[in-house]
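A quick write-up on the structure given underneath.
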Amino acid sequence: MTQDSDGAADRPDEPAVTVARHSRTYRGSLYVYPVLSRRARGVSIGINLNPDKVCNFDCVYCQVDRTTPPGVRRVDETRLRSELEAILLEAKSGALFDRPEFRSLPEPFRAVRDITFAGDGEPPSYPNFRGVVEDVLRIKKAAGLPELKVILLTNATLIDRPRVKEAMRLMDADHGEFWLKLDAGTEEYYRLVDRTTISFEKVLANIQEAARVRPIVLQSLFMRVRGAGPPAREIAAFCDRVQAILSGGGRVSLIQVYTVARRPAEPYVGPLDDDELDRIAADVRRRLPAVPVETFYSARLA
């Protein structure tokens, strides 16, 4: 075995990364981790501001493993900055792709596409979210990667808060993207899949407000619940919600139609077949011809 610059011995038996394996740990890191992202079509560097695994949603399809206790409960921002600097250095030098777990990646996916606030909860719930955003933007520039995208994955429940809006404005000015969750068209289905006390109307209002400021991406996960996919009327209602956002002056640059890729929270939840997902995507395209739609299948790259 060879010794790496981080002091960790190279582990030839490290499992290869796949879209079905999104480990939050990377060679001793607690907060920053590279994953293979089917939606980014390459490697995404994740930032986990919720290592305590606390979230204000309890989605039936959640692919965060909450059966095991968190390794840490607090964010050490000094360590987070150091971890990000180290992984960006590996990414820029190409050393990341010499690691055993990344060596087998197909050539088109051997690139770091973005830094993403994701992790084990709702990133804007972190009290110093704005400060961490500032750090991330500064660090990527210092690493010689000023054009690297920074993405926020969010359920949109907290993006109306002033401190979160400030952070989003910083991202707007520096290759930021906002991927907002919208999994339902009706309150009933929203309650079924997202399981939260926060009202559907609040989520929709926050999405509307954000989309008026800048173009947003909608991330929409559809699945089989107790053997059944979403009914056609739910997809129609979903499209009506998106049309209302557009009619209200919002901009939607893309709708991501995707399904479960890893083990979900509930055993009665499963992925849709490719044909089922294609039918949903075709329906969305027909009803919303002005909005691009991309489809991401279960546990594969295309």
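Using the numbering used here, the first residue of the sequence shown is number 758, and each one after it goes up by one.
Virtual Cβ for every residue (Gly too), placed ideally from N, Cα, C.
Note that the structure is predicted; figures quoted are calculated from it, not measured.
Item to complete: Would you be able to state if there are at least three C-beta pairs under 8 Å between the segment 845-861 and the segment 821-834?
Response: The segment 821-834, when compared against the segment 845-861, does not touch it at the 8 Å Cβ threshold.
Fill in: Assigned secondary structure, E958 (DSSP; H/G/I helix, E/B strand, else coil)
Stepping through the sequence shown from its first residue, residue 958 is reached at position 201. It is helical.
Worksheet entry | Extent of the continuous beta strand (DSSP E) to which D789 belongs | Along the sequence shown, read from residue 1 onward, the residue named residue 789 stands at position 32. The amino acid occupying residue 789 in the given sequence is Val; Asp does not appear at that position. Looking at the DSSP string, the run of the beta strand (DSSP E) that includes V789 is 789-794.
Discussion item. List, from N- to C-terminal side, the beta strand (DSSP E) runs of 3 residues or more that fit wholly inside the segment 790-837.
Written reply: Entirely contained in the segment 790-837, the beta strand (DSSP E) runs reaching 3 residues are, in chain order, 799-804.
Worksheet entry | Residue of E1051, L1045, L949, F957 minimising C-alpha distance to C1065 | Residue 1065 lies beyond the residue range present for the chain, which begins at 758 and ends at 1059; the question has no answer from this structure.
Discussion item. Tell me the residue span of the beta strand (DSSP E) that contains G933.
Written reply: Taking the first residue of the sequence shown as position 1, residue 933 is located at position 176. Counting along the chain, the unbroken beta strand (DSSP E) around G933 starts and ends at 933-938.
Worksheet item: Apart from the five residues on each side of it in sequence, which residues of its chain come closer than 7 Å, Cβ to Cβ, to L915?
Response: Working through the sequence shown from its first residue, we reach residue 915 at position 158. Answer for L915: E879, P881, S882, V921, listed in chain order.
Fill in: Where R778 sits in the DSSP three-state scheme
Here residue 778 is taken as the residue at index 21 of the sequence shown, counted from 1. Because the pLDDT at R778 is just 46, under 50, the model does not fix this residue reliably, and the value given afterwards should be weighed accordingly. Here DSSP, grouped into helix, strand and coil, assigns R778 to strand.
Discussion item. So, does the segment 856-871 touch the segment 830-843, judging by three or more C-beta pairs under 8 Å?
Written reply: Here the segment 856-871 does not lie against the segment 830-843, with fewer than 3 beta-carbon pairs under 8 Å apart.
Discussion item. I'd like to know if the segment 968-984 and the segment 800-813 are in contact, where contact means that at least 3 CB-CB pairs between them fall below 8 Å.
Written reply: With the cut-off at 8 Å, the segment 968-984 and the segment 800-813 do not touch.
Worksheet item: With C-beta atoms as the reference, is K897 less than 8 Å away from L846?
Response: Mapped onto the sequence shown, residue 897 falls at position 140. Mapped onto the sequence shown, residue 846 falls at position 89. Note that the C-beta distance between K897 and L846 is not below 8 Å.
Discussion item. Contact defined as beta carbons within less than 8 Å: I believe V960 pairs with V999. What is the distance between those atoms, to the nearest angstrom?
Written reply: The sequence position of residue 960 within the sequence shown is 203, counting from 1. The sequence position of residue 999 within the sequence shown is 242, counting from 1. Contact doesn't hold; Cβ gap of about 13 Å is too wide.
Discussion item. Quick test of the definition: if touching needs 3 or more C-beta pairs under 8 Å, does the segment 927-938 touch the segment 899-918?
Written reply: Segment contact: the segment 927-938 against the segment 899-918, three or more CB-CB distances shorter than 8 Å; contact assigned.
Item to complete: Look at the alpha carbon of D809 and the alpha carbon of E864, and state the distance between them as a whole number of angstroms.
Response: One-based indexing of the sequence shown puts residue 809 at position 52. One-based indexing of the sequence shown puts residue 864 at position 107. One Cα belongs to D809, the other to E864, and the distance between them is close to 35 Å.
Worksheet item: Should E840 be labelled buried (16 or more other beta-carbon atoms within 10 Å of its own) or exposed?
Response: The residue given as residue 840 occupies position 83 in the sequence shown. Buried.
Worksheet item: Are any of the Cβ atoms in chain B nearer than 8 Å to that of V869?
Response: Going by chain labels, chain B is absent from the structure shown, which holds only one protein chain.
Worksheet item: Over what stretch of residues does the beta strand (DSSP E) that includes R870 continue unbroken?
Response: Working through the sequence shown from its first residue, we reach residue 870 at position 113. From DSSP, the beta strand (DSSP E) with R870 extends over 869-874.
Item to complete: Compare the Cα-Cα distances from R918 to each of A962, Y947, D931, T943 and report the closest residue.
Response: The residue given as residue 918 occupies position 161 in the sequence shown. When C-alpha distances from R918 are compared across A962, Y947, D931, T943, the shortest belongs to A962.
Discussion item. Looking only at its chain, what residues have a beta carbon closer than 7 Å to the beta carbon of E1023, apart from the 5 residues adjacent to it on each side?
Written reply: By 1-based counting over the sequence shown, the position of residue 1023 is 266. Taken in chain order, the residues that qualify are V817.
Discussion item. In chain order, what are the residue ranges of uninterrupted beta strand (DSSP E) at least 3 long that sit wholly in the segment 947-1017?
Written reply: Whole beta strand (DSSP E) segments, 3+ residues: 973-978, 1009-1015.
Worksheet item: By a C-beta neighbour count over all protein chains shown, 10 Å radius and 16 as the cutoff for buried, is A828 buried or exposed?
Response: For this step, residue 828 is matched to residue 71 along the sequence shown. First, the residue type needs correcting, since residue 828 is Gly and not Ala in the sequence shown. By the neighbour-count criterion, in which a residue is buried when 16 or more other Cβ atoms sit within 10 angstroms of its Cβ, G828 is exposed.
Discussion item. Check this for me: beta carbons of R926 and I973, under 8 Å apart or not?
Written reply: To locate residue 926, count along the sequence shown from 1; it is residue 169. To locate residue 973, count along the sequence shown from 1; it is residue 216. Not a contact, by the Cβ cut-off of 8 Å.
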